[in-house]
Every structure is written in C-alpha cells, then in structure tokens.
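Each remark here refers to the structure printed beneath this line.
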Amino acid sequence: TLPAFLEIADASAFLREVIDELKTTARSTSPLRLGEDMIARTVCRHAVKANDPLRYPEIEKLIRDLLACDLPYCCPHGRPTMIQISHSELEKKFGRKV
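Heads up, the sequence shown is in the working numbering, so the first residue is 352 and it goes up one at a time.
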C-alpha cells in the first residue's frame with residue numbers, strides 16, 4: 352500500500368517506475384542519496400503541472416499542503432514554488448496605479 356498523501360491512482364505503475372528508476376540510478380548515486388533522489392523524481396512526475404485543471408477545493412488543499420512543508424519555497428529539485436511580487440511591480444504589469 353502506498354501512503355495516502357501520494358494520491359497515486361495506479362500503484363502498480365508507480366512501483367514499476369520506482370523500480371526502473373532504481374535500476375537506472377543505483378550505480379551512479381551514493382546509497383545515502385539514492386532513495387531521496389529517486390522518490391523526488393518519481394513523485395515529481397505525478398505532481399500537479401502547469402495548465403492542469405484544478406477545482407477550487409483542490410487549489411485550497413494544494414496551498415495548505417505546500418505551506419505545511421518544511422521548505423515550501425522550492426520543489427525537491429530546487430525550483431521555486433512561489434515568488435514575491437511587489438505592489439509596484441503589479442502596478443507596472445497592469446499599467447495602473449492604486
């Protein structure tokens with residue numbers, strides 16, 4: 352059984368991906384990093400992507416889950432999950448002063 356938080360519909364396919372990933376990276380990665388890196392890559396493939404349609408409750412849950420993370424500002428690969436935009440930047444982008 353997979354952890355519920357993963358919300359993976361096809362557990363068999365997911366586990367096959369994990370095994371394939373282990374076969375590919377086991378020789379080139381230190382044992383200490385192997386599990387963490389492999390899980391991060393595999394879970395990333397199943398993550399919400401740009402332009403995925405989401406209902407409002409899914410958006411709320413996604414934000415709650417993100418803010419509950421120890422490091423909410425980047426994904427496991429180091430890419431940002433959010434950015435800060437100043438009020439003046441918004442005014443410039445929309446061509447309006449408030």
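Yeah, the Cβ is synthetic: ideal placement off N, Cα and C, and Gly gets one too.
Practice prompt. Under 7 angstroms Cβ to Cβ from Cys425, same chain only, skipping five residues before and after it: list those, please.
Written response: Pro431 and Thr432
Discussion item. When you compare the CB positions of Glu358 and Thr393, do they come within less than 9 angstroms of one another, or not?
Written reply: no
Worksheet item: When DSSP builds the beta bridges, which residues end up paired with Pro431?
Response: Cys425
Item to complete: Please state whether DSSP places Asp371 in a helix, a strand or coil.
Response: helix
Fill in: Delimiting residues of the alpha helix (DSSP H) encompassing Pro408
Tyr407 to Leu418
Practice prompt. Spatial neighbours of Leu373 within its chain, please: CB distance less than 7 angstroms, with the 5 preceding and 5 following residues excluded, ordered by chain position.
Written response: Met389
Worksheet item: In chain order, what residues of the same chain lie with their CB nearer than 6 angstroms to the CB of Pro427, ignoring the 5 residues before and after it?
Response: Ala391
Practice prompt. Might you give, ordered along the chain, the residues of its own chain that have their beta carbon closer than 7 angstroms to the beta carbon of Arg415, omitting 5 neighbours on each side?
Written response: none
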